[in-house]
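Enquirer: Sharing a structure here in structure tokens format.
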Amino acid sequence: MVTIYVGNLQFQTSEEDLSSLFSQYGSVHNVKIIKDRETNRPRGFGFVDMEDAEAQSAIEALNGVEFGGRSLKVNEAKDRRSDRPMNSNGPRRFNNRRSF
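Numbering-wise, this note's numbering puts 44 at position 44 of the sequence shown, and it's gapless, one number per residue.
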């Protein structure tokens, strides 16, 4: 299973729209459009889960393609944990700060 990052989406794009687009290249297992925590508005990107070979075909075919008037950015998603900055105490966590 490969998770595909899909960026530069129109804010009106639904998960169904994205699933329909990617299903042309194989079986889509899951689609998630990311929304802002505070406003619940779409942030313009999402993720699609597909089988390995089908995912590679979809990435090659759809990267740079115009969808909804915007040029899509499509690539294999990176693991968020490996991209986070580290300090001497491990991963930084800003949401659990305490004031003294």
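Every residue, glycine too, gets a C-beta built ideally from N, C-alpha and C. Nothing here was measured: the structure is a model prediction, and the numbers come from that model.
#1: Out of Ala61, Lys32, Glu15, Leu9, which one is the CA nearest neighbour of Tyr25?
#2: Taking C-alpha atoms, which residue in Leu72, Arg37, Ser57, Asn30 lies nearest to Val6?
#3: I need the boundaries of the alpha helix (DSSP H) containing Glu76, first residue and last residue.
#4: Quick check on Phe47: does DSSP put it in helix, strand or coil?
#5: State yes or no: is the C-beta of Asp79 nearer than 7 Å to some heavy atom of the ligand GDP?
#6: Could you tell me which of Gln10, Ser57, Val74 sits nearest to Ile4, measuring between CA atoms?
#7: Do you know offhand how far Val31's Cα is from Asp79's?
#8: Given this structure, state the Cα-to-Cα distance separating Gly69 from Gly44, to the nearest angstrom.
#9: Following the continuous beta strand (DSSP E) through Thr3, name the residue where it begins and the one where it ends.
#10: Just to confirm my understanding: we take Leu18, look at its own chain, exclude 5 residues before and 5 after, and list those with CB closer than 8 Å. What are they?
Expert: In terms of the structure at hand:
#1: Nearest C-alpha to Tyr25: Ala61.
#2: Nearest C-alpha to Val6: Leu72.
#3: Bounds of any alpha helix (DSSP H) do not take in Glu76; it lies within the beta strand (DSSP E) bounded by 73 to 76.
#4: Under the three-state reduction of DSSP, Phe47 is assigned to strand.
#5: What this structure holds is no ligand at all, so the ligand GDP is not there to describe.
#6: Distances from the alpha-carbon of Ile4 to those of Gln10, Ser57, Val74 put Val74 closest.
#7: Taking the straight line from one Cα to the other gives about 17 Å.
#8: C-alpha separation (whole angstroms): 13 Å.
#9: Taken as a continuous stretch (DSSP letters only), the beta strand (DSSP E) holding Thr3 covers 2 to 7.
#10: Closer than 8 Å at Cβ, skipping near neighbours: Val6, Leu9, Val31, Ile33, Gly46, Val48.
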